[in-house]
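Note that the sequence shown ends on residue 478 in my numbering; no numbers are left out. Notes follow the structure.
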Amino acid sequence: MIVAVTKIAIISSSAGALVNFRGPLIAELNRRGFAVGAFAPDFTPALRTAVISAGAEPLDYRLERTGTSLRNDLASLWDLVGRLRAFAPDLALAHFMKPVIYGTIAAAIARVPHRYAMIEGLGYAFTDTGERSLKRLAIRKVMQAMLRGALRQAHGVIFLNEDDRAELVSAGIAPAQRSGVLGGIGLPLADFPYAPPVQGKPIFLMIGRLIREKGAYEFVEAARLLRASHPDVRFVLLGGVDPKPGSLSAVQVQAWADEGIIEWPGEVSDVRPWLRACTTFVLPSYREGLPRSTQEAMATGRAIITTDVPGCRSTVIEGRNGHLVPVRDPRALAAAMAALARDPASAAAMGRESRRLAEERFDVARVNARLLEMIGIAG
100 MIVAVTKIAI
110 ISSSAGALVN
120 FRGPLIAELN
130 RRGFAVGAFA
140 PDFTPALRTA
150 VISAGAEPLD
160 YRLERTGTSL
170 RNDLASLWDL
180 VGRLRAFAPD
190 LALAHFMKPV
200 IYGTIAAAIA
210 RVPHRYAMIE
220 GLGYAFTDTG
230 ERSLKRLAIR
240 KVMQAMLRGA
250 LRQAHGVIFL
260 NEDDRAELVS
270 AGIAPAQRSG
280 VLGGIGLPLA
290 DFPYAPPVQG
300 KPIFLMIGRL
310 IREKGAYEFV
320 EAARLLRASH
330 PDVRFVLLGG
340 VDPKPGSLSA
350 VQVQAWADEG
360 IIEWPGEVSD
370 VRPWLRACTT
380 FVLPSYREGL
390 PRSTQEAMAT
400 GRAIITTDVP
410 GCRSTVIEGR
420 NGHLVPVRDP
430 RALAAAMAAL
440 ARDPASAAAM
450 GRESRRLAEE
460 RFDVARVNAR
470 LLEMIGIAG
(Lines of atoms letter the chains of each structure in order from A; the text may use other names.)
(Lines give C-alpha, C1' and ligand atoms only; values in the text may rest on other atoms or scores of the structure.)
Protein backbone atom coordinates (compact mmCIF):
# COMPACT_ATOMS: atom_id res chain seq x y z
CA MET A 100 0.00 0.00 0.00
CA ILE A 101 1.39 3.41 -0.97
CA VAL A 102 0.75 6.02 1.73
CA ALA A 103 0.54 9.81 1.47
CA VAL A 104 3.72 11.09 3.11
CA THR A 105 5.69 14.32 2.82
CA LYS A 106 7.61 14.44 6.14
CA ILE A 107 9.52 11.53 7.65
CA ALA A 108 11.14 11.19 11.07
CA ILE A 109 14.02 8.73 11.46
CA ILE A 110 14.65 8.06 15.16
CA SER A 111 18.03 6.63 16.15
CA SER A 112 20.05 5.96 19.29
CA SER A 113 23.17 7.49 17.78
CA ALA A 114 24.02 10.28 15.36
CA GLY A 115 26.94 8.19 14.14
CA ALA A 116 24.54 5.37 13.25
CA LEU A 117 22.33 7.82 11.37
CA VAL A 118 25.26 8.91 9.23
CA ASN A 119 26.95 5.53 8.78
CA PHE A 120 23.90 3.27 8.47
CA ARG A 121 21.12 5.56 7.27
CA GLY A 122 22.98 8.27 5.36
CA PRO A 123 22.22 6.75 1.93
CA LEU A 124 18.56 6.28 2.92
CA ILE A 125 18.30 9.92 3.98
CA ALA A 126 19.88 10.98 0.69
CA GLU A 127 17.43 8.83 -1.29
CA LEU A 128 14.44 10.21 0.60
CA ASN A 129 15.72 13.73 0.01
CA ARG A 130 16.15 12.97 -3.70
CA ARG A 131 12.50 11.85 -3.83
CA GLY A 132 11.34 15.12 -2.30
CA PHE A 133 10.60 14.09 1.29
CA ALA A 134 11.42 16.36 4.22
CA VAL A 135 13.43 14.26 6.69
CA GLY A 136 13.98 14.88 10.38
CA ALA A 137 16.89 12.88 11.82
CA PHE A 138 16.48 12.40 15.58
CA ALA A 139 19.52 11.48 17.70
CA PRO A 140 20.71 12.22 21.25
CA ASP A 141 24.40 12.84 20.61
CA PHE A 142 25.04 15.13 17.66
CA THR A 143 28.52 16.57 17.34
CA PRO A 144 29.14 19.52 15.01
CA ALA A 145 30.67 17.17 12.43
CA LEU A 146 27.78 14.68 12.58
CA ARG A 147 25.24 17.49 12.45
CA THR A 148 26.92 18.77 9.28
CA ALA A 149 26.97 15.25 7.80
CA VAL A 150 23.23 14.80 8.39
CA ILE A 151 22.49 18.16 6.81
CA SER A 152 24.68 17.24 3.83
CA ALA A 153 22.72 13.99 3.41
CA GLY A 154 19.51 16.02 3.22
CA ALA A 155 17.93 15.86 6.68
CA GLU A 156 17.30 18.25 9.54
CA PRO A 157 19.26 17.10 12.63
CA LEU A 158 16.96 17.08 15.67
CA ASP A 159 18.13 16.45 19.23
CA TYR A 160 16.32 14.44 21.88
CA ARG A 161 17.15 12.85 25.22
CA LEU A 162 18.22 9.19 25.39
CA GLU A 163 20.54 7.08 27.53
CA ARG A 164 21.65 4.40 25.09
CA THR A 165 22.76 1.86 27.70
CA GLY A 166 21.01 3.08 30.86
CA THR A 167 18.29 1.15 32.70
CA SER A 168 16.72 3.98 34.71
CA LEU A 169 12.96 3.95 34.17
CA ARG A 170 12.73 7.56 35.32
CA ASN A 171 15.27 8.70 32.71
CA ASP A 172 13.63 6.60 30.00
CA LEU A 173 10.20 8.10 30.74
CA ALA A 174 11.74 11.56 30.59
CA SER A 175 13.21 10.61 27.21
CA LEU A 176 9.79 9.40 26.04
CA TRP A 177 8.02 12.66 26.86
CA ASP A 178 10.87 14.73 25.48
CA LEU A 179 10.55 12.85 22.20
CA VAL A 180 6.76 13.22 22.17
CA GLY A 181 7.13 16.98 22.30
CA ARG A 182 9.78 17.06 19.60
CA LEU A 183 7.75 14.82 17.29
CA ARG A 184 4.71 17.04 17.76
CA ALA A 185 6.84 20.05 16.83
CA PHE A 186 8.24 18.38 13.70
CA ALA A 187 4.84 16.85 12.79
CA PRO A 188 5.93 14.00 10.50
CA ASP A 189 3.56 11.86 8.48
CA LEU A 190 5.72 8.78 9.09
CA ALA A 191 8.18 7.73 11.80
CA LEU A 192 10.83 5.03 11.38
CA ALA A 193 12.62 4.02 14.58
CA HIS A 194 15.68 1.78 14.53
CA PHE A 195 17.76 0.12 17.28
CA MET A 196 16.11 -1.25 20.39
CA LYS A 197 15.56 1.75 22.66
CA PRO A 198 14.32 4.03 19.86
CA VAL A 199 12.03 1.22 18.67
CA ILE A 200 10.46 1.00 22.12
CA TYR A 201 10.32 4.66 23.10
CA GLY A 202 10.24 6.15 19.62
CA THR A 203 7.31 4.04 18.46
CA ILE A 204 5.31 4.76 21.62
CA ALA A 205 6.19 8.47 21.40
CA ALA A 206 5.11 8.54 17.76
CA ALA A 207 1.77 6.99 18.71
CA ILE A 208 1.21 9.52 21.51
CA ALA A 209 2.19 12.32 19.13
CA ARG A 210 -0.35 10.94 16.63
CA VAL A 211 2.13 10.31 13.83
CA PRO A 212 -0.11 8.64 11.21
CA HIS A 213 2.33 5.96 10.01
CA ARG A 214 4.74 4.22 12.41
CA TYR A 215 7.42 1.65 11.60
CA ALA A 216 9.92 -0.15 13.80
CA MET A 217 13.17 -1.61 12.49
CA ILE A 218 14.67 -4.34 14.68
CA GLU A 219 18.40 -4.30 13.89
CA GLY A 220 19.16 -7.01 16.43
CA LEU A 221 17.51 -8.13 19.66
CA GLY A 222 20.42 -7.14 21.87
CA TYR A 223 21.58 -8.06 25.35
CA ALA A 224 18.22 -9.07 26.80
CA PHE A 225 17.64 -11.72 24.12
CA THR A 226 21.24 -12.96 23.78
CA ASP A 227 22.29 -16.22 25.44
CA THR A 228 25.63 -15.39 27.06
CA GLY A 229 25.63 -18.48 29.25
CA GLU A 230 24.86 -16.30 32.27
CA ARG A 231 21.95 -17.42 34.44
CA SER A 232 20.89 -14.74 36.90
CA LEU A 233 17.66 -13.33 38.29
CA LYS A 234 18.71 -9.86 37.16
CA ARG A 235 19.17 -10.99 33.57
CA LEU A 236 15.85 -12.86 33.61
CA ALA A 237 14.11 -9.78 34.99
CA ILE A 238 15.65 -7.54 32.32
CA ARG A 239 14.53 -9.96 29.63
CA LYS A 240 10.95 -10.08 30.94
CA VAL A 241 10.73 -6.29 31.19
CA MET A 242 12.20 -5.83 27.70
CA GLN A 243 9.77 -8.36 26.24
CA ALA A 244 6.80 -6.58 27.81
CA MET A 245 7.98 -3.14 26.70
CA LEU A 246 8.74 -4.32 23.18
CA ARG A 247 5.37 -6.06 22.90
CA GLY A 248 3.62 -2.85 23.91
CA ALA A 249 5.64 -0.75 21.48
CA LEU A 250 5.18 -3.04 18.49
CA ARG A 251 1.42 -3.01 18.99
CA GLN A 252 1.65 0.69 18.09
CA ALA A 253 3.63 0.02 14.89
CA HIS A 254 2.01 -0.30 11.49
CA GLY A 255 4.92 -2.46 10.38
CA VAL A 256 7.93 -4.19 11.93
CA ILE A 257 11.08 -4.72 9.88
CA PHE A 258 13.68 -7.34 10.80
CA LEU A 259 17.17 -7.90 9.41
CA ASN A 260 17.01 -11.69 9.74
CA GLU A 261 14.32 -14.36 9.82
CA ASP A 262 15.46 -15.85 13.16
CA ASP A 263 14.66 -12.64 15.05
CA ARG A 264 11.28 -12.35 13.36
CA ALA A 265 10.38 -15.98 14.10
CA GLU A 266 11.35 -15.63 17.77
CA LEU A 267 9.31 -12.48 18.38
CA VAL A 268 6.31 -13.68 16.37
CA SER A 269 6.23 -17.04 18.20
CA ALA A 270 6.46 -15.22 21.55
CA GLY A 271 3.52 -12.99 20.62
CA ILE A 272 5.71 -9.89 20.72
CA ALA A 273 5.71 -9.00 17.02
CA PRO A 274 2.71 -9.23 14.67
CA ALA A 275 3.07 -11.94 12.03
CA GLN A 276 0.96 -10.14 9.43
CA ARG A 277 2.61 -6.74 9.86
CA SER A 278 6.25 -7.81 9.86
CA GLY A 279 8.85 -8.74 7.27
CA VAL A 280 12.55 -9.35 6.73
CA LEU A 281 14.71 -6.76 4.99
CA GLY A 282 17.86 -8.90 4.91
CA GLY A 283 20.49 -6.19 5.33
CA ILE A 284 21.16 -2.61 6.33
CA GLY A 285 22.56 -1.69 2.93
CA LEU A 286 26.21 -1.23 2.05
CA PRO A 287 27.67 1.23 -0.48
CA LEU A 288 29.69 -1.41 -2.32
CA ALA A 289 31.75 1.18 -4.20
CA ASP A 290 33.21 2.22 -0.84
CA PHE A 291 34.35 -1.37 -0.22
CA PRO A 292 35.85 -2.59 -3.51
CA TYR A 293 37.04 -6.15 -3.90
CA ALA A 294 40.72 -6.60 -3.02
CA PRO A 295 42.52 -9.95 -3.45
CA PRO A 296 44.14 -11.14 -0.21
CA VAL A 297 47.77 -10.12 0.19
CA GLN A 298 50.17 -13.04 -0.05
CA GLY A 299 52.06 -13.82 3.13
CA LYS A 300 51.32 -14.77 6.70
CA PRO A 301 47.66 -15.51 7.49
CA ILE A 302 46.01 -12.60 9.31
CA PHE A 303 42.72 -13.13 11.15
CA LEU A 304 40.84 -9.93 11.87
CA MET A 305 37.98 -9.33 14.30
CA ILE A 306 36.20 -5.96 14.40
CA GLY A 307 33.72 -5.06 17.11
CA ARG A 308 33.00 -3.36 20.39
CA LEU A 309 34.95 -5.01 23.18
CA ILE A 310 32.00 -6.62 24.93
CA ARG A 311 31.51 -10.24 25.90
CA GLU A 312 28.61 -10.79 23.49
CA LYS A 313 30.76 -9.98 20.45
CA GLY A 314 32.91 -13.03 21.22
CA ALA A 315 36.15 -11.24 22.04
CA TYR A 316 37.05 -13.76 24.76
CA GLU A 317 36.55 -16.65 22.34
CA PHE A 318 38.65 -14.92 19.67
CA VAL A 319 41.53 -14.43 22.10
CA GLU A 320 41.31 -17.97 23.48
CA ALA A 321 41.19 -19.43 19.95
CA ALA A 322 44.23 -17.33 19.05
CA ARG A 323 46.04 -18.67 22.11
CA LEU A 324 45.24 -22.25 21.09
CA LEU A 325 46.25 -21.74 17.46
CA ARG A 326 49.51 -19.96 18.22
CA ALA A 327 50.94 -23.14 19.70
CA SER A 328 50.85 -24.89 16.30
CA HIS A 329 50.89 -21.86 13.98
CA PRO A 330 53.29 -19.29 15.47
CA ASP A 331 53.43 -17.34 12.20
CA VAL A 332 49.70 -16.49 12.21
CA ARG A 333 48.62 -12.98 13.24
CA PHE A 334 45.44 -12.14 15.14
CA VAL A 335 44.17 -8.55 15.08
CA LEU A 336 41.39 -7.30 17.36
CA LEU A 337 40.03 -3.96 16.19
CA GLY A 338 37.70 -2.03 18.45
CA GLY A 339 37.39 0.32 21.37
CA VAL A 340 36.50 -0.28 24.99
CA ASP A 341 32.75 0.04 25.60
CA PRO A 342 31.28 1.77 28.68
CA LYS A 343 28.63 -0.94 28.98
CA PRO A 344 28.77 -2.97 32.23
CA GLY A 345 30.58 -6.29 31.76
CA SER A 346 32.70 -5.02 28.88
CA LEU A 347 36.35 -5.91 28.54
CA SER A 348 38.72 -3.45 30.17
CA ALA A 349 41.56 -1.73 28.36
CA VAL A 350 43.94 -3.24 30.92
CA GLN A 351 42.79 -6.78 30.07
CA VAL A 352 43.00 -6.31 26.30
CA GLN A 353 46.39 -4.63 26.54
CA ALA A 354 47.63 -7.54 28.66
CA TRP A 355 46.69 -9.95 25.86
CA ALA A 356 48.52 -7.74 23.38
CA ASP A 357 51.59 -7.55 25.64
CA GLU A 358 51.51 -11.33 25.93
CA GLY A 359 51.73 -11.52 22.14
CA ILE A 360 48.44 -13.35 21.62
CA ILE A 361 46.76 -10.57 19.66
CA GLU A 362 47.47 -7.19 18.16
CA TRP A 363 45.20 -4.41 19.41
CA PRO A 364 45.30 -1.16 17.42
CA GLY A 365 42.20 0.04 19.30
CA GLU A 366 39.34 1.81 17.56
CA VAL A 367 40.03 3.23 14.10
CA SER A 368 38.09 5.69 11.97
CA ASP A 369 38.46 3.66 8.75
CA VAL A 370 38.39 -0.14 8.80
CA ARG A 371 39.03 -0.58 5.07
CA PRO A 372 42.85 -0.75 5.19
CA TRP A 373 42.56 -3.40 7.90
CA LEU A 374 40.06 -5.44 5.87
CA ARG A 375 42.37 -5.31 2.85
CA ALA A 376 45.34 -6.38 4.97
CA CYS A 377 43.69 -9.44 6.51
CA THR A 378 43.20 -12.84 4.90
CA THR A 379 40.12 -13.95 6.88
CA PHE A 380 37.48 -12.08 8.87
CA VAL A 381 36.26 -13.53 12.18
CA LEU A 382 33.17 -12.63 14.21
CA PRO A 383 32.41 -15.11 17.03
CA SER A 384 29.40 -13.08 18.22
CA TYR A 385 26.65 -14.52 20.41
CA ARG A 386 23.89 -12.88 18.34
CA GLU A 387 23.50 -10.12 15.74
CA GLY A 388 20.89 -8.41 13.59
CA LEU A 389 22.98 -8.64 10.43
CA PRO A 390 26.53 -7.53 11.26
CA ARG A 391 27.77 -4.55 9.29
CA SER A 392 31.41 -5.50 9.88
CA THR A 393 30.88 -8.89 8.24
CA GLN A 394 29.09 -7.31 5.28
CA GLU A 395 32.04 -4.95 4.81
CA ALA A 396 34.48 -7.87 4.98
CA MET A 397 32.41 -9.80 2.42
CA ALA A 398 32.38 -6.83 0.05
CA THR A 399 36.17 -6.57 0.38
CA GLY A 400 36.41 -10.23 -0.60
CA ARG A 401 37.32 -12.06 2.57
CA ALA A 402 36.48 -15.52 3.81
CA ILE A 403 34.25 -15.37 6.88
CA ILE A 404 34.37 -17.42 10.07
CA THR A 405 31.42 -16.69 12.32
CA THR A 406 29.01 -18.33 14.72
CA ASP A 407 25.92 -20.35 13.89
CA VAL A 408 23.56 -17.92 15.63
CA PRO A 409 20.84 -15.50 14.47
CA GLY A 410 22.19 -12.78 12.21
CA CYS A 411 25.67 -14.24 11.87
CA ARG A 412 24.52 -17.39 10.08
CA SER A 413 22.81 -15.21 7.47
CA THR A 414 26.23 -14.09 6.18
CA VAL A 415 27.78 -17.51 5.50
CA ILE A 416 26.94 -20.37 3.19
CA GLU A 417 28.93 -23.13 4.87
CA GLY A 418 31.96 -24.16 2.85
CA ARG A 419 31.31 -21.62 0.10
CA ASN A 420 32.29 -18.26 1.54
CA GLY A 421 33.42 -19.37 4.97
CA HIS A 422 32.64 -21.50 7.99
CA LEU A 423 30.07 -21.47 10.78
CA VAL A 424 31.17 -22.57 14.25
CA PRO A 425 29.24 -23.21 17.48
CA VAL A 426 28.83 -20.19 19.73
CA ARG A 427 31.15 -19.85 22.77
CA ASP A 428 33.43 -22.62 21.47
CA PRO A 429 37.03 -21.38 21.10
CA ARG A 430 38.31 -24.84 20.14
CA ALA A 431 35.94 -25.06 17.18
CA LEU A 432 36.87 -21.50 16.24
CA ALA A 433 40.58 -22.33 16.40
CA ALA A 434 40.02 -25.41 14.21
CA ALA A 435 38.19 -23.36 11.57
CA MET A 436 40.94 -20.74 11.55
CA ALA A 437 43.63 -23.44 11.33
CA ALA A 438 41.93 -24.96 8.28
CA LEU A 439 42.04 -21.66 6.38
CA ALA A 440 45.55 -20.85 7.61
CA ARG A 441 46.72 -24.11 6.03
CA ASP A 442 44.83 -23.50 2.77
CA PRO A 443 45.17 -19.89 1.56
CA ALA A 444 43.82 -20.84 -1.87
CA SER A 445 40.51 -21.92 -0.32
CA ALA A 446 40.39 -18.75 1.76
CA ALA A 447 40.87 -16.66 -1.39
CA ALA A 448 38.16 -18.59 -3.26
CA MET A 449 35.77 -18.13 -0.35
CA GLY A 450 36.57 -14.43 -0.41
CA ARG A 451 35.54 -14.18 -4.04
CA GLU A 452 32.24 -15.87 -3.18
CA SER A 453 31.79 -13.43 -0.30
CA ARG A 454 32.04 -10.54 -2.74
CA ARG A 455 29.49 -12.13 -5.06
CA LEU A 456 27.06 -12.61 -2.16
CA ALA A 457 27.59 -9.03 -0.99
CA GLU A 458 26.72 -7.73 -4.45
CA GLU A 459 23.62 -9.94 -4.54
CA ARG A 460 22.30 -9.24 -1.04
CA PHE A 461 23.71 -6.07 0.48
CA ASP A 462 23.89 -3.38 -2.20
CA VAL A 463 22.53 -0.24 -0.56
CA ALA A 464 20.38 0.81 -3.53
CA ARG A 465 18.58 -2.55 -3.56
CA VAL A 466 18.17 -2.65 0.21
CA ASN A 467 16.79 0.89 0.38
CA ALA A 468 14.37 0.20 -2.47
CA ARG A 469 13.08 -2.81 -0.55
CA LEU A 470 12.84 -0.78 2.68
CA LEU A 471 10.79 1.93 0.99
CA GLU A 472 8.42 -0.74 -0.29
CA MET A 473 8.06 -2.12 3.24
CA ILE A 474 7.12 1.29 4.68
CA GLY A 475 4.73 2.01 1.84
CA ILE A 476 6.47 4.90 0.07
CA ALA A 477 8.03 3.17 -2.94
CA GLY A 478 7.55 4.53 -6.41
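Virtual Cβ for every residue (Gly too), placed ideally from N, Cα, C.
In chain order, what residues of the same chain have a beta carbon less than 8 angstroms from the beta carbon of residue i, not counting five sequence neighbours either side?
i	result
D462	G285, L286, L288
R277	A253, H254, G255, V256
I310	D341, K343, G345, S346, L347
For residue i, does the count of other Cβ atoms within 10 angstroms reach 16, so buried, or fall short, so exposed?
i	result
K313	buried
W177	exposed
V118	buried
P292	exposed
I148	Just to set this straight, residue 148 is Thr in the shown sequence, not Ile. Burial call: exposed.
S168	exposed
P372	exposed
P296	buried
N420	buried
Q298	exposed
R454	buried
Take residue i as the anchor and find which of the options has the nearest alpha-carbon.
i	options	result
S152	A137, L456, E163, Q276	A137
I479	A349, I107, Y293	As displayed, the chain neither begins before 100 nor continues past 478, which places residue 479 out of reach and without an answer.
P443	V332, L309, R130, Q351	V332
E458	H422, S445, A193, T414	T414
L259	R391, G365, M449	R391
P429	Y316, S453, V350	Y316
M217	L470, I476, V381	L470
A489	E366, E261, V319, I306	With the chain covering 100 to 478 only, the question about residue 489 has no answer from this structure.
G400	E417, A376, R412, L389	A376
L389	G220, G307, I110	G220
S111	Q298, T393, P198	P198
A116	A193, R131, A396, D189	A193
S328	S232, A438, E358, V370	A438
P212	D189, F195, T226, I204	D189
A244	M397, A273, R264	A273
Y201	M473, S175, R170	S175
A224	L236, R214, Y215	L236
Using DSSP with H/G/I as helix, E/B as strand and the rest coil, what is residue i?
i	result
E362	strand
L336	strand
L183	helix
K343	coil
G220	coil
L382	strand
V367	coil
A191	strand
P295	coil
L304	strand
E458	helix
P157	strand
CB-CB under 6 angstroms to residue i, same chain, minus the five flanking residues each way: which ones, in chain order?
i	result
H422	I404, A435
E156	G136
A275	V268
F133	I107
A446	T378, T379, A402, L439
Please decide whether residue i counts as near chain D, where near means a Cβ-Cβ distance under 8 angstroms.
i	result
I403	The displayed structure is made up of one protein chain only, and chain D is not part of it.
Looking only at its chain, what residues have a beta carbon closer than 7 angstroms to the beta carbon of residue i, apart from the 5 residues adjacent to it on each side?
i	result
R264	F258, A273, S278, V280
### Query
Touch check for the segment 378-388 and the segment 408-423: three-plus C-beta pairs under 8 angstroms?
yes
### Message
If contact is defined by three or more beta carbon pairs under 8 angstroms, each pair taking one atom from either stretch, is the segment 180-188 in contact with the segment 239-252?
### Response
no
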